[in-house]
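Enquirer:
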Amino acid sequence: MTTNRTADVVIIGGGIAGCAAAYYLAQQGITATIIERDDIAAAASGYNAGGLNPLEGHGWPEPLQDMALQSFRMHRELWESLPAETGIDYHGRLTSILKVALDEDELSDLDDTLATFNRAPEPGFYAERLEREDALSIEPRLCPDVIGGIRAVGNGALDGLEFTQALAAAATGRGASVMSTAALGLRLGNGRVESVVTGEGEVACGALLIAAGPWCRTVEQWLDIAIPVNPLKGQIVRVQPAGPGLDYELIGGGSSMYAKSDGLIWCGSTEEDAGFDLSLTDDAREKILRMAVRLMPSLSDAAVVEQTACLRPVTPDWLPIVGGAPGWDNVYINTGGQKKGILLGPAMGKGIADIIAAGSTDISLAGCDPARFAGRAA
Ligand SMILES: Cc1cc2nc3c(=O)[nH]c(=O)nc-3n(C[C@H](O)[C@H](O)[C@H](O)COP(=O)(O)OP(=O)(O)OC[C@H]3O[C@@H](n4cnc5c(N)ncnc54)[C@H](O)[C@@H]3O)c2cc1C
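Numbering (the working numbering), first residue to last: 393 to 770.
#1: Are Arg408 and Thr590 touching if we call contact CB-CB under 8 Å?
#2: Considering just the uninterrupted stretch of the beta strand (DSSP E) at Glu641, what are its terminal residues?
#3: Below 7 Å CB to CB, which residues in the same chain sit around Lys652 once its five sequence neighbours on both sides are set aside?
#4: Pick out the complete beta strand (DSSP E) segments inside the region 471 to 548, 3 residues or longer, and give them in chain order.
#5: Ile427: beta carbon under 7 Å from a heavy atom of ligand 1?
#6: According to DSSP, simplified to helix, strand and coil, what is Val706?
#7: In terms of residues, what are the limits of the beta strand (DSSP E) holding Glu594?
#8: With a threshold of 6 Å on Cβ separation, who are the neighbours of Ala471 within its own chain once the five nearest residues in sequence on each side are excluded?
#9: Assuming Asp721 contacts Gly583 (C-beta within less than 8 Å), just tell me the rounded distance between them.
#10: CB of Cys702 to nearest heavy atom of ligand 1: below 7 Å?
#11: My output table needs one value for Leu576: the three-state DSSP class, helix, strand or coil.
#12: Measure how close the beta-carbons of Gln627 and Thr673 come, nearest whole angstrom, since I'm counting them as under 8 Å.
#13: State yes or no: is the C-beta of Arg533 within less than 8 Å of the C-beta of Met649?
#14: Straight-line CA distance for Ala599 to Val402?
#15: From Leu576 to Ala512, what does the alpha carbon distance come to, in whole angstroms?
#16: Can you tell which of Leu578, Thr505 and Ile404 has its C-alpha closest to the C-alpha of Pro446?
#17: Nearest-angstrom Cα distance between Pro708 and Ser529?
#18: Run through DSSP, which three-state label would Lys625 get?
#19: Which residue comes first and which comes last in the alpha helix (DSSP H) that contains Glu428?
#20: Using a Cβ-Cβ cut-off of 7 Å (strictly less than) and excluding sequence neighbours within five positions of Asp761, which residues of its own chain qualify?
#21: Run the proximity test for Gly743: is its beta-carbon closer than 7 Å to any non-hydrogen atom belonging to ligand 1?
#22: Quick check on DSSP: helix, strand or coil for Met393?
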């Protein structure tokens, strides 16, 4: 097969990890070709809940807190410029979380979020405790069993599909390209990747960026390195409430509800160790809806609009993998965004773009060095 294209950087994967990298590479005058076998954001990057809470999650507060806050600031800058540049409105916005307890067991979780938001390491975040009546006055549709709550202010939200598409559009507007084909293998030479073999011929590259989400394990075999990313399945049920939508993220009784700009409420989500199975299950739908209706009984009248499933890329220590691939001169990895890949996308994308362009970055990538998995069997 002949080499018929060239790119400064070939990126395998058109999710948030690949598109954000292409965007920040383009800002530095480096042309990337994204190889995506499906559509841009066809996997988790297009089906996530779009929550941007930079204060809580696996890997918080250390080592991910600094990266998360950097990324959150980058999101806020991006939503001032990216929609105007691309014409894609992805509804990036500040929002709040209404978190309630339906029984005593859930009260400690409220305390944790209260303390976390009130001790946030930078301004813009706070939380207040709500008595039962306060919570019900904010959301009268809440379950009458609610025993208390908190309101946490300062996090963000967006539409992940459109955000990823906007990054790809801005990157291509600055010279990047997208090939709609699968990466099938690599041509190697002298400790380097010379080209990527695709369904449409070979693409010669100055550097290769692996951003294939939970499918990175296919690529690890081509290079005999370990990229231990595993899929964690998540199903979401989108409903149209009979009344108005939500103005905030609502959490309680095992249910999380995400407010969408079109009035839909996305309820979810499951965490299933199911390999690469993407089937939609009755069990998941019934469980998600049962918990949602318990939290907000009026949702029993809601119309189910869609059920989705996608796979989070999760590493054994739940930390992303961002940096140069051990043992290879021109190979880089950007993956492992776990449940926070949209939040962390700008920081991960700029971090890896800086490393490719200049060998270092001012993004905090603590805990994300690919070398921590060197020596593991691929
Ligand atoms: C239910 C659910 C809810 C979520 N909610 C949130 C949230 O609220 N906030 C948040 O920050 N994060 C959330 N996430 C996490 C977030 O969606 C992911 O971390 C993120 O989208 C991962 O992006 P990625 O680019 O690494 O991978 P992906 O989006 O999976 O993209 C990888 C791409 O690589 C392509 N690919 C793979 N192999 C090849 C190949 N050989 N050739 C060509 N293309 C290839 C795939 O087709 C895919 O498009 C959620 C995830 C799930 C599942």
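From the three backbone atoms N, C-alpha and C, an ideal C-beta is built for every residue, glycine too.
Expert: On the basis of the data shown:
#1: Strictly speaking, residue 408 in this sequence is Ile, with Arg absent from that position. Not closer than 8 Å, so no.
#2: Glu641 to Gly644
#3: Gly637 and Trp658
#4: 485 to 493 and 518 to 522
#5: Correct: Ile427 has its Cβ closer than 7 Å to ligand 1.
#6: strand
#7: Gly593 to Ile602
#8: Looking at the sequence provided, one finds Trp at residue 471 rather than Ala. Cβ within range, chain order: Gly484.
#9: 5 Å
#10: Yes; taking the cut-off as 7 Å, the Cβ of Cys702 has a heavy atom of ligand 1 nearer than that.
#11: Taken through DSSP and simplified to helix, strand or coil, Leu576 comes out as strand.
#12: Between Thr673 and Gln627 the Cβ distance is about 7 Å, and since that is below 8 Å, they are a contact.
#13: Against a cut-off of 8 Å, the Cβ pair of Met649 and Arg533 comes out as no contact.
#14: 6 Å
#15: 45 Å
#16: Thr505
#17: 42 Å
#18: strand
#19: Premise fails: Glu428 lies in the beta strand (DSSP E), Ala424 to Glu428, not in any alpha helix (DSSP H).
#20: Gly715
#21: no
#22: In this prediction, Met393 scores a pLDDT of 48, lower than 50, which makes its location untrustworthy; the coordinate-derived value is nonetheless stated afterwards. Correct three-state label for Met393: coil.
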